[in-house]
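Residue numbers (the working numbering), protein chains in the order written: chain W, 812 to 1153; chain C, 812 to 1153; chain D, 812 to 1153; chain R, 812 to 1153.
The beta carbon of each residue, even a glycine, is placed where N, CA and C say it ideally should be.
The model shown is predicted, which means the values in this text are computed figures rather than measured ones.
Here is the structure we will look at, set down as structure tokens.
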């Protein structure tokens, strides 16, 4: 079985655990070669659970091992770009959680290294692998709803993240709305040229302490003259709200559902169901499928479905929205193009 | 406007009010000529509300008036058959609330009078005029779901009727399940040949006092070898439960809905909607459409869509179910055919 | 019955017919006194249908009749303001279809006349009387979902109106989005201070001929710092799309439904239902309830629920959106305040 | 890791593959020790896929290996009872797919062996591990809907099985309805005392060739006087129909859903979704959770949640239904009690 792709997973936190388990058991042409995390107890525990006898707290052990073909980066956001640089230098392919980096400069530097080295890079916008979103994309592409005219993309977390997370996450647009940015580009099949964003702290004044916001509405104009509108909140008050409506000239597609358990309760107060809690439940299988596809791309030496350019485009949109809120005016994306000093 | 059909409405109770209002304002080719009710205050109040200057507490005033073309019977059940007899004698067409009578003998006598007089008689199984049931019937007839194989018909009231009602209503099968009996005959387009019924008092021991039941499951076998199953309760615990599933060789139709107000509430407990309360809300427009169609049938001198034979068939099914519960065995409908001494 | 409010209905077109029928039969404390329409055949036919023996092609007959208490204006948009002025002069109360006028100047002049005369004026934003929207408003007011943070209001017609309509309707914002403008003000319980609008012709280049658009996304900022987003299209490709989502600090309310007939079809291609066709079906009962409430307001000499100020606010929002599209910038509502020369 | 439960999986067909994969990767306290199947290519291929280096075509290799703690039986139905007997003799715990055997005699013999040997036996009624059914059971047990009065249990396959399957499956009641039998016993928390069944060949005359039926309605009376009704078909015409309605004195629970992909399509024909295809998709996670719970039961030496007695009760209900169809009469379960010669 020497032809299996040997993958090292870096990060043993919430999403790292998920990815490690997937690589260990669910990818036909890959195997989990090594686990790395800065925390010895965390990496040791996860290795034991996966019956893996090799783990490390030093990522150099992974990047320096010539038997490793690819790495999955699920460590803290600030480590993404440096690890991509190191992997490029070592000739290892990379699957990285979003975002590539919190700033465009580091993103561009990492992407330049990737290009020079000729390695494959996939960014973890898992939503593209969700059965619902995938089906919608295919049906749009097949012309089933005609030309797309307006996309409405909503995303709300059940409740705000802890203060420590807010402090380092890069703000609403780079941390959360980034998923919507990728989603609307992908579904529209066109490039944004301008955004207008309004935002506030409606959920918790804590966000203002970090110069951040918790509630936002963004209008996006694409190069084909069509629109998307994105609305977000750090707290839904009910569960994980992820719904996308795509309106075309011949009909519409509504993606998303809310029920978690397939049970309806009827009583004197009416009819009741529960609601899907959060992203790990909602995108359960998508987290598996993105890695299966990454491993297939590596095996085939083909470009992954979600490239570094996609990751950069999402960050540029975040920059533009932040500028729009600051300047209280529509902002062109061209200001944040590669090589432009904004 | 001498060509309008002049209708007298008998009964100013809950359903009588509804019918009087319909005749007064919503039937293009008919007019409300007179109102009758045994209660002077009731009939007076309703007449005032409808700006009608003719009302009576004596039904003879209605039946003896040669200018009246037709009557709508919405008075107490025991008055239905005698009024039909009188109307037949007077040559007036009749729309009657279900049932024609609580017993087969009176039903058969009334129907014989109708036939001799050549008047038109329509029975108020309003469900046949509901937009949903009507659409389903048309689609079944068009072959959209192929040959019908099983019908599942559920009906539950929100809460049990008052004791006085139970005392005189004729029991679960003649009062309530009678709607399902008509419904399954109509949707199947075939005649029942045998029933098997189990029943109990699960809701309230009060029903047992009147030798009645409140909970029932009936299996019906049709002359085409196919089946229906009917389940009923005098108390749903949540609202008015009226749902029918029709399974055919090429697909299925599910008729019914539960939401009353078009609002969904999302909160930490999940997703919530309300539930339709009871039959006047659920079948709102059907109560209008049945009378519009009756007036049209009278104008055209054509047989109404729901005939005396339909009314009799439903009562015969009630008899068969009662026998099945009593005898703890399947019972053939032939035992209750016209002219057979059961 | 001298105490019934005597109402004259002006306009025998689609919505005029509906209102005339309501006044004639469904309002307990009102009666239809006279019908007026510029078209003799139209008004004659409707009068016959309603068994009304008084009609006219001259509105002066209505406004000059001292026995008439109130009028319902359902004639062409350009006649609304002049009729309101005349009714004010004659001391008659007015229910008018939206909008009061297509321009702010005529609107302000009409409202000044209303104020001087002390008559009551209700504007026909029927959505406020819809069972779903009404329930949502009550639940918001009761604090059920906490503080409202974002409202998403969508509205799409099934297919574009005819060219003749587009030529005189006043454009997307004054003709169509005006309903959303009223809706978000009402549900938010706050006043808009700024809008940002993007719009295009995605449906039909015909709209551009009239300097109009068919597709729009509007972001609204309220004086409480919260947001609404409105998206519209002149063609949904599927039916009448009217849905509103209200997100609050403790949960959310989703208003709207799509199924017309209560039937689900299951076949090898999946599960299918139909879709509500257009506004007369969707807001059926709301068109009745708004007139019942108007007649009650007249009887009680109380301010109607939807005032001239509400009608003006909606038109001002339309002006602001048009300016925003033209100027490609956010626009403050203060520019269109009463007495401000924009 | 010597304390992991070592499991041998017997059967490499559709369900065997699923179970083998689960044991290999998804049960924390178990490991896949060996695979067995009568087909060498099948067992070899599955072993390769799971990176397992031990497989056999001889079940004696599994049952004779003292290092094996438990077996999972997913081979052909006629092999279930003999394998249970052998496992009992060898002191190995058993998880077996339903049914234990197609006849009561073999079932009773197998259960006697299990009891003598003191091994643990779990029967694969996976529905009990479905998130929806599990939640419903818990809520019923907690009294959330009061006393259960009627259960309606529907089950339809998307299309009939191949002839070869029909020939050996034991007929509709022992092969398919057996799932419903277990389900209603479990949800009602009471024992059936009588059944009445009607059945026919509506789908395909092929079933009659094997003295089998394809369409059935069963009424069940429980020892608490309450009812269940089960309706089945070998062909839904649309997908996998598995829905259960539980009506209680304080409300109802509806279990089941139909949508597979979370996308709604809106077009001129209405609103459309897809439908879940078949049991492997519908009960995906339940097939994992039942084995996790089995392994936990083995580890804890506690009785599994679904016992041999449950498996026997389901087969006895099948016998009673067959007798009811044959005898055209209600049939008491007591006729098929253990030790009774029916």
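Q: Would you check if there are 3 or more beta carbon pairs closer than 8 Å linking the segment 825-840 of chain C to the segment 1091-1107 of chain C?
A: A contact exists between the segment 825-840 of chain C and the segment 1091-1107 of chain C.
Q | Under 7 Å from the C-beta of residue 1085 of chain C: neighbouring residues of chain W | A | Using a Cβ-Cβ cut-off of 7 Å, residue 1085 of chain C is close to 1081 of chain W, given in chain order.
Q) How big is the Cα-Cα spacing for residue 888 of chain W and residue 1070 of chain W? A) Separation of residue 888 of chain W and residue 1070 of chain W (C-alpha to C-alpha, rounded to the nearest whole angstrom) is 31 Å.
(Q) Less than 6 Å between C-beta atoms, sequence neighbours within five positions excluded: which residues of the same chain meet that for residue 963 of chain R? (A) Taking residue 963 of chain R as the centre and dropping the five residues before and after it, the same chain places the C-beta of 1040 and 1056 closer than 6 Å to its C-beta, in chain order.
Q.
Using only the alpha-carbon positions, how far apart do residue 965 of chain C and residue 975 of chain C sit?
A. The alpha-carbon atoms of residue 965 of chain C and residue 975 of chain C are separated by roughly 25 Å.
Q. Nearest CA to the CA of residue 945 of chain W: which residue from W:1140, W:1130, W:1116 and W:1137?
A. If we check each option's Cα against that of residue 945 of chain W, W:1116 comes out closest.
(Q) Using only CA atoms, which one of D:1066, D:1046, D:957 and D:979 lies nearest to residue 994 of chain D? (A) The residue with the shortest Cα to Cα distance from residue 994 of chain D is D:1066.
Q. Closer than 8 Å, CB to CB, is residue 1007 of chain D near chain W or not?
A. Closer than 8 Å to some Cβ of chain W, the Cβ of residue 1007 of chain D qualifies, so yes.
Q | Integer-rounded CB distance, given that residue 884 of chain C should sit under 8 Å from residue 854 of chain C | A | Actually they do not touch by this definition, with Cβ atoms about 15 Å apart.
Q. Can you check whether the CB of residue 1059 of chain W is closer than 8 Å to the CB of residue 1023 of chain W?
A. Contact flag unset, no.
(Q) For a test of the three-state rule: what should DSSP assign to residue 812 of chain C, helix, strand or coil? (A) In this prediction, residue 812 of chain C has a pLDDT of 36, which is less than 50 and means its spatial position is unreliable; nothing more can be read from the coordinates.
Q) Using a C-beta to C-beta distance shorter than 7 Å, which residues of chain D count as neighbours of residue 1066 of chain C? A) Chain D residues near residue 1066 of chain C: 1073 and 1074.
Q. Could you give the distance in angstroms between the alpha-carbon of residue 1139 of chain C and the alpha-carbon of residue 912 of chain C?
A. So the two alpha carbons sit approximately 26 Å from each other.
Q. Residues in its own chain within less than 7 Å of residue 768 of chain D by CB, not counting five upstream and five downstream?
A. Given a span of 812 to 1153 for chain D in the structure shown, any question on residue 768 of chain D remains unanswerable.
**Q.** Contact list for the segment 954-970 of chain R against chain C, Cβ threshold 9 Å
**A.** Within the segment 954-970 of chain R, the qualifying residues are 956, 957, 958, 960, 961, 963, 965 and 967.
Q | For residue 1153 of chain C, the three-state DSSP class (helix, strand or coil) | A | Reliability fails at residue 1153 of chain C, whose pLDDT of 49 lies under 50, so the model's placement of it is uncertain and the value that follows must be treated cautiously. Residue 1153 of chain C falls in the coil class under three-state DSSP.
Q | Residues near residue 812 of chain W by beta carbon distance below 6 Å, same chain, minus five either side | A | Here residue 812 of chain W scores only 36 on pLDDT, less than 50, and its place in the model is too uncertain to base an answer on.
Q: State yes or no: is the C-beta of residue 1003 of chain C within less than 8 Å of the C-beta of residue 1030 of chain C?
A: Going by beta carbons, residue 1003 of chain C and residue 1030 of chain C fall outside the 8 Å limit.
**Q.** Three-state secondary structure (DSSP) of residue 1003 of chain R
**A.** Here residue 1003 of chain R sits in strand by DSSP.
Q. Distance, Cα to Cα, residue 1110 of chain W vs residue 939 of chain W?
A. Approximately 20 Å between the Cα atoms of the pair.
Q. Can you tell me the Cα-Cα spacing of residue 826 of chain C and residue 1126 of chain C, whole angstroms?
A. Roughly 21 Å separates the two Cα atoms.
Q) Going along the chain, which residues of the segment 1012-1037 of chain W sit with their C-beta nearer than 7 Å to a C-beta in chain D? A) So the close ones are 1013, 1026, 1028, 1030, 1032, 1036 and 1037.
Q. Expressed to the nearest angstrom, what Euclidean distance is found between the alpha-carbon atoms of residue 1114 of chain W and residue 948 of chain R?
A. Computed Cα separation, rounded: 48 Å.
**Q.** DSSP three-state assignment for residue 945 of chain R, whether helix, strand or coil
**A.** Residue 945 of chain R carries a helical assignment under DSSP once its states are collapsed to helix, strand and coil.
Q.
With distance defined between alpha-carbon atoms, name the residue in C:1014, C:890 and C:988 nearest to residue 918 of chain C.
A. Nearest option by C-alpha distance: C:890.
Q.
Strictly below 7 Å CB to CB, what residues from chain D border residue 1069 of chain R?
A. Within chain D, the residues near residue 1069 of chain R are 1082.
Q.
Quick check on the DSSP output: what are the complete beta strand (DSSP E) runs of length 3 or more inside the segment 813-883 of chain W, in order along the chain?
A. The qualifying runs are 816-821 and 841-847.
Q | Contact with chain C by residue 1078 of chain D, beta-carbon distance below 8 Å | A | True, the Cβ-Cβ gap to chain C drops below 8 Å.
Q: Taking only beta carbons into account, state which residues of the segment 937-953 of chain C come closer than 9 Å to chain D, listed in chain order.
A: If the cut-off is 9 Å between Cβ atoms, the segment 937-953 of chain C has 941, 942, 943, 944, 945, 946, 947 and 950 near chain D.
Q.
Quick check on residue 1091 of chain D: does DSSP put it in helix, strand or coil?
A. Correct three-state label for residue 1091 of chain D: helix.
Q: Leaving aside the five residues before and after residue 1136 of chain C along the sequence, list all residues of the same chain whose C-beta is less than 6 Å from its C-beta, in chain order.
A: The beta carbon of residue 1136 of chain C lies closer than 6 Å to those of 1008 and 1010 in the same chain, with the five residues before and after it left out.
**Q.** Test: residue 1097 of chain C CB closer than 8 Å to a CB of chain D
**A.** Taking Cβ atoms only, chain D never reaches closer than 8 Å to residue 1097 of chain C, which makes this a no.
Q: Just tell me which of C:922, C:1085, C:1145 and C:847 has its CA closest to the CA of residue 1073 of chain C.
A: In this structure, C:1085 is the residue among C:922, C:1085, C:1145 and C:847 with its C-alpha nearest to the C-alpha of residue 1073 of chain C.
Q) For residue 1149 of chain D, which option in D:916, D:1038 and D:880 has the closest C-alpha, if you only look at C-alpha atoms? A) Checking every option, the nearest Cα to that of residue 1149 of chain D belongs to D:916.
Q: Counting only the same chain and skipping the five closest in sequence on each side, list residues whose C-beta sits under 6 Å from that of residue 1054 of chain R.
A: Spatial neighbours of residue 1054 of chain R in its own chain (CB-CB distance under 6 Å, excluding positions within 5 residues in sequence) are listed in chain order as 965 and 1067.
Q.
Taking 8 Å as the limit between beta carbons, can you name the residues of its chain near residue 1143 of chain D, skipping five residues before and five after?
A. Closer than 8 Å at the Cβ level, and outside the excluded window around residue 1143 of chain D, lie 1004, 1005 and 1131.
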